[in-house]
Amino acid sequence: MSEPQLFTPDEVDRLIPRLTELMETAIERHGQALALQERLRDDRARVSGAGGERRDAMDWKARAERLDGLGIEVRQLLQDVQAMGGVVKDLETGLVDFPGRGPGGPSGPIVNLCWKLGEDAVRFWHGMDEGFANRRPLS
Numbered sequence: 006m007s008e009p010q011l012f013t014p015d016e017v018d019r020l021i022p023r024l025t026e027l028m029e030t031a032i033e034r035h036g037q038a039l040a041l042q043e044r045l046r047d048d049r050a051r052v053s054g055a056g057g058e059r060r061d062a063m064d065w066k067a068r069a070e071r072l073d074g075l076g077i078e079v080r081q082l083l084q085d086v087q088a089m090g091g092v093v094k095d096l097e098t099g100l101v102d103f104p105g106r107g108p109g110g111p112s113g114p115i116v117n118l119c120w121k122l123g124e125d126a127v128r129f130w131h132g133m134d135e136g137f138a139n140r141r142p143l144s
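Under the numbering used here, think of the first position of the sequence shown as 6, with each following residue one higher.
1. Could you check what DSSP says for valine 79 in three-state terms: helix, strand or coil?
2. Alpha carbon to alpha carbon, how far is glutamate 135 from alanine 62? Give it in angstroms, no decimals.
3. Per DSSP, what are the beta-bridge partners of isoleucine 21 in this structure?
4. Helix, strand or coil: which one does DSSP assign to valine 127?
5. How long is the line joining the alpha carbons of alanine 38 and leucine 82, rounded to whole angstroms?
6. Suppose contacts are defined by Cβ-Cβ distances below 8 Å. Is leucine 45 in contact with arginine 68 by that definition?
Okay, structure coming up:
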């Protein structure tokens, strides 16, 4: 198995403008999908309570198709982040990790360089088997 591409903080920092755009759009579409899913669930419950008769079948179908489209769009945005070398850890907060070298520079251990939407630079890292709660400053 080959070693993953390892990023320096500067390399991740150069990706942040595009990464911000992708994550903002993914979060927005994900929120739209969740709201639409809830409306469809409420509609399904209402129809069941009314004996299973749906008067607005065309509208319901259009909303269901929109939900499918939003899901496809979110998956594509996350794949775009992955193609950049990042791993989305939390879609709702915009948390993305990039493999890199930790303390010790080129000879340091492989760690996750941890970036969160809204941060203008990568300033934190955590071990490969750790998460956000274990973030430590790069310097």
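Note that the Cβ used here is the ideal one computed from N, Cα and C, for glycine as well.
With the given structure in hand:
1. helix
2. 47 Å
3. Its beta-bridge partners do not exist; DSSP assigns none.
4. coil
5. 14 Å
6. yes
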